[in-house]
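Peer 1: Have a look at this one.
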Amino acid sequence: MRSLVSITRVGTYDPRAVLEAMEDCLAPLGGMGAFVRPGQRVLLKPNLLGPFAVEKAVTTHPAIVRAAILLAQEAGGTVFIGDSPGVGSLAFVAKACGLTPVLEETGAELADFSTPQEFDGPHNMVAKRLTLAKAVADADVIVTLPKLKTHGQMTFTGALKNQYGLIPGTLKSQWHFRLQRPQWLAALILDIHRIARPALAIMDGIVGMEGKGPSGGRPRFLGAMLAGRDLAAVDALACMLIGLEPRFVPVLEAARTQGIGATSVAEMEIVGEDWRTLRVPDFEKVSELEDLLRLVPLPKSLLNWIRGQWTARPRIIGSRCIQCDVCANGCPVSPAAIHPDAPPHRQIDDDTCIRCYCCHELCPNHAIELTRPRLARWLRL
Ligand code: SF4
Ligand code: SF4
Numbered sequence: 008m009r010s011l012v013s014i015t016r017v018g019t020y021d022p023r024a025v026l027e028a029m030e031d032c033l034a035p036l037g038g039m040g041a042f043v044r045p046g047q048r049v050l051l052k053p054n055l056l057g058p059f060a061v062e063k064a065v066t067t068h069p070a071i072v073r074a075a076i077l078l079a080q081e082a083g084g085t086v087f088i089g090d091s092p093g094v095g096s097l098a099f100v101a102k103a104c105g106l107t108p109v110l111e112e113t114g115a116e117l118a119d120f121s122t123p124q125e126f127d128g129p130h131n132m133v134a135k136r137l138t139l140a141k142a143v144a145d146a147d148v149i150v151t152l153p154k155l156k157t158h159g160q161m162t163f164t165g166a167l168k169n170q171y172g173l174i175p176g177t178l179k180s181q182w183h184f185r186l187q188r189p190q191w192l193a194a195l196i197l198d199i200h201r202i203a204r205p206a207l208a209i210m211d212g213i214v215g216m217e218g219k220g221p222s223g224g225r226p227r228f229l230g231a232m233l234a235g236r237d238l239a240a241v242d243a244l245a246c247m248l249i250g251l252e253p254r255f256v257p258v259l260e261a262a263r264t265q266g267i268g269a270t271s272v273a274e275m276e277i278v279g280e281d282w283r284t285l286r287v288p289d290f291e292k293v294s295e296l297e298d299l300l301r302l303v304p305l306p307k308s309l310l311n312w313i314r315g316q317w318t319a320r321p322r323i324i325g326s327r328c329i330q331c332d333v334c335a336n337g338c339p340v341s342p343a344a345i346h347p348d349a350p351p352h353r354q355i356d357d358d359t360c361i362r363c364y365c366c367h368e369l370c371p372n373h374a375i376e377l378t379r380p381r382l383a384r385w386l387r388l
């Protein structure tokens, strides 16, 4: 049976328009009532990467969160909002991301994402036991609310990648350190997905992020909201909207090989707006060549060498750095491979930096850029 994905055109974040659009988007799936029953505890999982202002398009827009809360409450659910931000507490980040008025209006509460709990995943590929936020166990239903963005390490971040935030606090850094290849991290994300089993994804694709995502790129208007039970299908359709081949996205390629969801349009039943009319083919993506390397059948050692010559390294832009040390504290390597207070040529320790780009992702001032080595620049020419 093909995966049902619903797509709705919505040109504004006006709260009423977003609520109407979400009702339209969910209608072919049976409405929110098909996922939430009276009395259930509903965990809504937006992307709350860090304390970024709404207009930066880093985090899920408050109007999307509001609409999802209202529909879940209307279906009889008690709603909690949760994520594990890369920097700062959930309460602090939620406030910075404009969620305070939404919580006050709706009465929804923030979930406890600081208490960990171990979960068994007997069919998992990376970890048969995983520590996630206890809020996952407390919830009867999880609805994930991703933001459509590019991602320096994982190429694209959407519904499946959004599950990574179910890992509490610093444990995320530890996994980054252990799983240095995008493919390995992708396998972990699918392990989390197997345990958490979100019932529904509603993607904020009204304004996405292109270029240097997930935090340093540019907001780009797409005017789309996508929803579906099959998170891989929602992500794959979102990729098609931005002209990105799903097999170049490690988590979607892993989903395809593990038989998790639909990753091609042929496997989907797409309802609502004609998705081709919402395409933004010139959406700026991350490096195509790095993606291609994943598909080339070369010996592992040669592939690793080429990757080393190709892979972008972080660089601190001195004029923007405010010496807050967020990057060093978030670096999964111990001791940290980034030193903001060192002279420019010693700020990144090339020998120990694992190119996870957490520093780039977390820097509140966009003071870390990813620069390509000379060979990479030449190959691109
Ligand atoms: S590079 Fe960014 S995160 Fe690191 S110290 Fe400077 S401003 Fe802070
Ligand atoms: S310096 Fe940045 S890219 Fe390198 S390991 Fe640390 S957080 Fe990751």
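Residue 8 is where the sequence shown starts when you use the numbering used here, and the numbers rise one by one after that. C-beta: ideal position from N, C-alpha, C; glycine also.
(1) Taking only the alpha-carbon atoms, compute the straight-line gap between L139 and G218 and give it to the nearest angstrom.
(2) Tell me, please, which residues DSSP counts as bridged to H158.
(3) Buried or exposed: where does P153 fall if 16 or more other Cβ atoms within 10 Å of its Cβ makes it buried?
(4) Whose C-beta lies closer than 7 Å to the C-beta of A208 among residues of the same chain, with five residues either side of it excluded?
(5) Given a threshold of 16 other Cβ atoms within 10 Å of its Cβ, counted over all protein chains shown, does K135 qualify as buried or as exposed?
(6) Could you check whether the stretch 18-29 touches the stretch 191-206, counting it as contact only if at least three pairs of C-beta atoms, one from each stretch, sit closer than 8 Å?
(7) Near A142, which residues of its chain fall below 7 Å by C-beta distance, leaving aside the five closest residues on each side in sequence?
(8) Between L11 and E252, what straight-line distance do the alpha-carbon atoms span, to the nearest angstrom?
(9) Hey, out of C366, G279 and Y364, whose CA is closest to P35's CA?
(10) Does the beta carbon of I323 fall short of 7 Å from some heavy atom of ligand 2?
(11) Does the Cβ of E116 have 16 or more other Cβ atoms within 10 Å, making it buried, or fewer, making it exposed?
(12) How far does the beta strand (DSSP E) with D211 in it extend, from its first residue to its last?
(13) With distances taken between CB atoms, is the gap from A101 to L173 smaller than 8 Å?
(14) Under the criterion of a Cβ to heavy atom distance below 7 Å, does P339 qualify as lining ligand 2?
(15) Buried or exposed for I375, going by 16 or more other Cβ atoms inside 10 Å?
(16) From which residue to which residue does the alpha helix (DSSP H) around I389 run?
(17) Measure the CB-CB distance between M275 and D198 and report whether it falls below 8 Å.
(18) Please go through the same chain and pick out, in chain order, the residues whose beta-carbon is closer than 8 Å to the beta-carbon of R327, but skip the five residues on each side of it.
(19) Could you check the C-alpha separation between A82 and A70 for me, to the nearest Å?
(20) Below 8 Å between beta carbons: does that hold for I213 and V17?
(21) Starting from M39 and walking both ways along the alpha helix (DSSP H), at which residues does that stretch end?
(22) With DSSP run on the structure shown, which of helix, strand or coil describes I329?
(23) With hydrogens ignored, establish whether the beta-carbon of C331 is closer than 7 Å to any heavy atom of ligand 1.
(24) What separation, rounded to the nearest whole angstrom, lies between the Cα atoms of S13 and I249?
(25) Per DSSP, what kind of secondary structure is L7 in: helix, strand or coil?
(26) Any chance you could list the alpha helix (DSSP H) runs of at least 4 consecutive residues sitting entirely within the stretch 212-270, in chain order?
(27) Using 7 Å as the cut-off, classify the Cβ of C328 as near or not near the heavy atoms of ligand 2, replying yes or no.
(28) I196 to Y171, Cα distance in whole Å?
(29) Report the rounded CA-to-CA distance for G84 versus N169, giving the unit in angstroms.
(30) Out of L229, V25, P321 and R379, point me to the one whose CA is closest to Q354's CA.
(31) Excluding sequence positions up to five away, which residues of its chain have a Cβ less than 8 Å from the Cβ of H130?
(32) Between A319 and A194, what straight-line distance do the alpha-carbon atoms span, to the nearest angstrom?
(33) Per DSSP, what kind of secondary structure is P127 in: helix, strand or coil?
(34) Looking only at its own chain, which residues have a Cβ that is under 6 Å from the Cβ of T67, when we skip the five neighbours before and after it?
(35) If I measure Cβ to Cβ from A64 and keep anything under 6 Å in the same chain, skipping five residues before and after, which residues do I get?
Peer 2: So, from the listed chains and residues:
(1) 30 Å
(2) T162
(3) buried
(4) T151, P153, A166, A234, G235, L238 and V241
(5) exposed
(6) No: the two stretches stay apart, fewer than three of their Cβ pairs being nearer than 8 Å.
(7) L50, F87, G89, A118, D119 and F120
(8) 20 Å
(9) G279
(10) no
(11) exposed
(12) Segment L207 to E217, the beta strand (DSSP E) holding D211.
(13) no
(14) When distances are taken from the beta-carbon of P339 to the heavy atoms of ligand 2, the shortest one is below 7 Å.
(15) buried
(16) Not covered by the structure: residue 389. The range shown for the chain is 8 to 388.
(17) no
(18) N372, H373 and A374
(19) Taken atom to atom, the span from the alpha-carbon of A82 to that of A70 is near 18 Å.
(20) yes
(21) Segment: none, M39 is in no alpha helix (DSSP H) and carries neither H nor E.
(22) Coil at I329, not helix or strand.
(23) At least one heavy atom of ligand 1 is nearer than 7 Å to the Cβ of C331, so yes.
(24) Approximately 17 Å, taken between the alpha carbons.
(25) Absent from the structure is residue 7, since the part of the chain shown begins at 8 and ends at 388.
(26) 238-248 and 257-265
(27) no
(28) 6 Å
(29) 22 Å
(30) P321
(31) R201
(32) Roughly 22 Å between the two C-alpha positions.
(33) Correcting the residue type first, residue 127 is Asp in the shown sequence and not Pro. Three-state result, D127: strand.
(34) P53, N54, L152, K154 and D211
(35) V214, M216 and P226
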